[in-house]
Amino acid sequence: MIDPDGYRPNVGIVLMHPDGRLFWARRVHRDGWQFPQGGMNSDETPLEAMYRELREETGLLPEHVEVLGATPGWLRYRLPQRAIRRHDRLVCIGQKQVWFLLRLTGQESDLRLDLTDKPEFDNWRWVDFWYPIEHVVMFKRGVYARALNHLAPVARQIAGAQAVPAPGPECRCQDPRAPARGRPRARWRGPGGAEPGQGSR
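The numbering used here puts the first residue of the sequence shown at -13, with every later residue one more than the last.
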């Protein structure tokens, strides 16, 4: 499903640990990390598509999460020229997305990356709230900045100002070419989600 302007409707998922860290996943057979996201079917609302993608990509069910908020309207990003399939009948030039902020209310053991025949991710970890803006692929940085800036006040009410501090200049920018500053901390997780030498928390 592609709109007349060439954008595919899509949903993005910001899954937050109660302590304010965010679910960050590595794509299968690639070195890229990102939030869960996926295209909408023509008969789905954004909320329905979000729950379907959540199940397919993370193994979580509606009872494992609480929906805290969503971005209003569509946030758009364009694909790099090399990724546009010019010979397709309907040419997709980018994605238009609704982003949802979810709080994990289930257990980390509920997270499963292998429920489908073609998993999207092969590893995951929890990262600090603003970390993804600097570490997602360059052409998505603008839309990540806009989504997280919109969702941050709601996340801050849940996790507190220390976990979700005010963004720096690099997080407020909407220009994906803007330089990144600083190195927010990431907490590594193994395939089952546990930190080395620790069980789930």
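Where a beta carbon is used, it is the ideal one built from N, C-alpha and C, also for glycine.
Under the DSSP assignment, Val(-3) falls in the beta strand (DSSP E) whose first and last residues are -7 to 2. Judged by their CB atoms, Val(-3) and Gln20 are not nearer to each other than the 8 Å cut-off. One thing to note: Val14 has its Cβ within 8 Å of the Cβ of Pro105. Here the alpha carbon of Leu97 sits roughly 9 Å from the alpha carbon of His50. For Val77, there is no enclosing alpha helix (DSSP H), since its DSSP letter is neither H nor E.
For Leu54, the enclosing beta strand (DSSP E) starts and ends at 51 to 56. Taking all protein chains in view, the Cβ of Glu43 is crowded by 16 or more other Cβ atoms within 10 Å, so the residue is classified as buried.
When DSSP states are grouped into helix, strand and coil, Asn27 belongs to the coil group.
Taking C-beta atoms as the reference points, Ala133 and Gly6 fail to come closer than 8 Å. Counting of Cβ neighbours within 10 angstroms places Leu101 among the exposed residues, the total staying below 16.
Between the alpha carbons of Asp108 and Ile(-12) lies a distance of about 28 Å. For Phe86, the three-state secondary structure derived from DSSP is strand. The beta carbon of Met36 is closer than 7 Å to those of Val(-3), Ile(-1), Phe86 in its chain, skipping five residues each way along the sequence. Residue pairing for Phe21: DSSP places it in no beta bridge. Here the alpha carbons of Trp110 and Leu61 stand approximately 25 Å from one another. Pro153 and Trp116 do touch by the CB rule: their CB atoms are close to 6 Å apart, below 8 Å. Shown here, Asp108 sits in a strand according to DSSP, grouped into three states. Its chain contains Ile(-12), Gly25, Cys78, Gln81 as the residues whose beta carbon lies nearer than 6 Å to that of Arg(-6), once the 5 sequence neighbours on both sides are disregarded; these appear in chain order.
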